[in-house]
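The structure appears below as structure tokens.
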RNA sequence: GCGCCCGUAGCUCAGCAGGAUAGAGCACCAGAUUCCUAAUCUGGGGGUCAGAGGUUCGAAUCCUCUCGGGCGCACCA
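Numbering (this note's numbering), first residue to last: 54 to 633.
Here's what the structure looks like:
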């Protein structure tokens, strides 16, 4: 249960039934946690947003509403503050019931149905199949994967998709690069890799596999004879590499869509024809870009899409001068395809260097779906690899290029995944090796993992002290939670109780990073409580002389563990039961 | 020149669909800790939310402009 929504509904109902407020729109009414805990547990702006329509002073209206709120179940008192806030205190019983719900839900805690089973398509990674993934791809991969999981947790029906850009010139370059390596594999001395081809040695094993499969069949042939066949081989070899990288990172997709197949199936012609019928395709000449006129600029007539009708700055070419489709054209076909597969809501995760492409794609989606489809584009900023505060020097040429795989091998997938989510997507992210190896509060992954492990440690310790029979699930889950009365215990429950709402708002904002910050806060709250037991032995979780209280506290600890595990579940990070 | 993103404490960043006295970590200062894992905790100082207007009961948050930074800008993907 999202307690804020619960009380929003309750208080909205109160207001709707007040004589003074008959017929008023209560949709602006909100219930939130006050910034300052001394103001109470929850606060509402009801009187302030409704006073105008009622023609009353906010504080006068607040008096009326307050009297009704005080009758609500779980509310002990309400008071009016500031310009007209109504601050409410909830009784401990309310928090104990929340804790009971958390325990019942276990690691499913926070699961919501706000998504209403609505279909959403999340497209992410979509790295060109020309080599292994780099760290920037990794960020997009984790972001997309976790956003998808988050939306699932919030009750959406999510499809995870990968768009394979296997139709452009870059895959021809790949094929030529592989062909060269193939000749090398057959024993030829190929010398330096020429400018314009991919130099990476990840092509070596692929070339050997090709040589093994086909022998010297392609040797000495003209490019047009081998290009198509070797290109297919190269693409599938590179996709194999990428799939391995993804699986090392624990990133999954439900659907892989090939641009080449889309084009081959005539989907681009279909999309363009659709737009032609709407008079959105025409022959025209574009102005040269201002300020940065390319040297080789020439005026030429092009086939253009009327993107300006849908909010873009200029109309966009869909056909190259050799008659083939531009990338944009096939991307339009791809999004139309997604729409026709039932996805009115689409989310694309791209690198920030594609920022200039957002408007035109959104314009295209509007045009192709008659404004029924929506596309949200999440741009992920650069990842700066650092070590002890210094940038890690990377050069493809010098062979010191750090791939995503290198990073995963170095620190593990869980660390990579978590760190990628510790910044919002449109902010740059420093990934510091020395920091993520550190075992301290400085390192958020460690700090949160440690909270989870500490929870397990307490449960293990209890079993040791009280005997395994004394700490069964039954006993912990059946504990008398009303024994938890210390303010710091209630504070922990209070924070855990906001998790369902956090899931919902993070999902609707498409901002998974909020979960990372929440988990860090939650871990801090728990560590803090643990530490109180140092000063004050009566606050320790395990008190041998008082088994009922111990059981209640173990229940609290267990709830903390499952709340963190719930977040980790969305993150695709395995919670640790002990630190080593 | 245009578009998008960004500008919050010395540093790195949060800020919960507009709410009350703007928060956290690091760093700094002062303390605590023979104890369920010292793999920490408590307290303190520190901000004109880049600047200026506007919208309103109320703005770090929304709108406009200015300044500063990043990315992108015809037939690449």
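For each residue, glycine too, the CB sits at the ideal point set by N, CA and C. This one's a predicted model, so the numbers in the text were calculated from it and none came from an experiment.
Reduced DSSP category for residue i - H, G, I as helix; E, B as strand; rest coil
i, result
"residue 429", "strand"
"residue 310", "strand"
"residue 220", "coil"
"residue 168", "coil"
"residue 487", "helix"
"residue 70", "coil"
"residue 507", "helix"
"residue 215", "strand"
"residue 86", "coil"
"residue 187", "strand"
"residue 142", "strand"
"residue 362", "helix"
"residue 78", "coil"
"residue 114", "helix"
"residue 225", "helix"
"residue 199", "helix"
"residue 583", "helix"
"residue 95", "strand"
"residue 565", "coil"
"residue 368", "coil"
"residue 634", "Summary: the structure shown does not reach residue 634, with the chain confined to residues 54 through 633, and so no result is reported for it."
"residue 174", "strand"
"residue 634", "What is shown of the chain runs 54 to 633, which leaves residue 634 out entirely."
"residue 482", "strand"
"residue 474", "coil"
Residues of its chain near residue i, where Cβ-Cβ distance is below 8 Å and the 5 sequence neighbours each way are ignored
i, result
"residue 299", "178, 186, 194, 305, 306"
"residue 447", "438, 453, 454, 455"
"residue 388", "399, 414, 417, 418, 421, 426, 428"
"residue 541", "581, 582, 585, 592"
Whole-number beta carbon distance between residue j and residue i, since they are thought to touch under 8 Å
i, j, result
"residue 161", "residue 561", "That belief does not hold up - the Cβ atoms of residue 161 and residue 561 are roughly 20 Å apart, past 8 Å."
"residue 499", "residue 199", "In fact, because the Cβ distance is near 19 Å, the residues do not count as touching under 8 Å."
"residue 87", "residue 140", "6 Å"
"residue 99", "residue 117", "Their Cβ separation, rounded to whole angstroms, is 10 Å, which puts residue 99 and residue 117 out of contact at 8 Å."
"residue 532", "residue 607", "7 Å"
"residue 563", "residue 431", "6 Å"
"residue 555", "residue 573", "Residue 555 to residue 573, Cβ: 12 Å. No contact."
"residue 457", "residue 191", "4 Å"
"residue 142", "residue 94", "6 Å"
"residue 233", "residue 246", "7 Å"
"residue 514", "residue 155", "Actually they do not touch by this definition, with Cβ atoms about 22 Å apart."
Other residues of its chain near residue i: CB distance less than 6 Å, five sequence neighbours each side excluded
i, result
"residue 294", "185"
"residue 125", "63"
"residue 535", "149"
"residue 171", "209"
"residue 279", "271"
Residue i: first and last residue of the uninterrupted beta strand (DSSP E) it sits in
i, result
"residue 338", "334 to 338"
"residue 421", "Here residue 421 belongs to no beta strand (DSSP E); instead the alpha helix (DSSP H) covers 411 to 421."
"residue 37", "Given that the chain is displayed from residue 54 to residue 633, the structure contains no residue 37 and the question cannot be resolved."
"residue 292", "Run containing residue 292: none in the beta strand (DSSP E); it sits in the alpha helix (DSSP H), 276 to 302."
"residue 133", "128 to 134"
"residue 438", "436 to 440"
Outcome for residue i when other beta-carbon atoms lying within 10 angstroms are tallied against a minimum of 16
i, result
"residue 565", "buried"
"residue 407", "exposed"
"residue 60", "buried"
"residue 308", "exposed"
"residue 182", "buried"
"residue 281", "exposed"
"residue 466", "buried"
"residue 502", "buried"
"residue 476", "buried"
"residue 490", "exposed"
7 Å Cβ shell around residue i - same chain, five flanking residues per side excluded
i, result
"residue 435", "189, 405, 481"
"residue 81", "102"
Span of the alpha helix (DSSP H), counted from its first residue to its last, around residue i
i, result
"residue 107", "99 to 107"
"residue 529", "526 to 530"
"residue 615", "600 to 624"
"residue 463", "457 to 464"
"residue 326", "320 to 330"
"residue 552", "552 to 562"
"residue 263", "256 to 267"
"residue 590", "From DSSP, residue 590 is part of no alpha helix (DSSP H); its letter is neither H nor E."
"residue 596", "Looking at the DSSP string, residue 596 is not in any alpha helix (DSSP H), and its letter there is neither H nor E."
"residue 388", "380 to 393"
"residue 549", "540 to 549"
heavy atom of the ligand PLP below 6 Å from residue i C-beta
i, result
"residue 455", "Looking for the ligand PLP in the displayed structure turns up nothing, as the structure carries no ligands at all."
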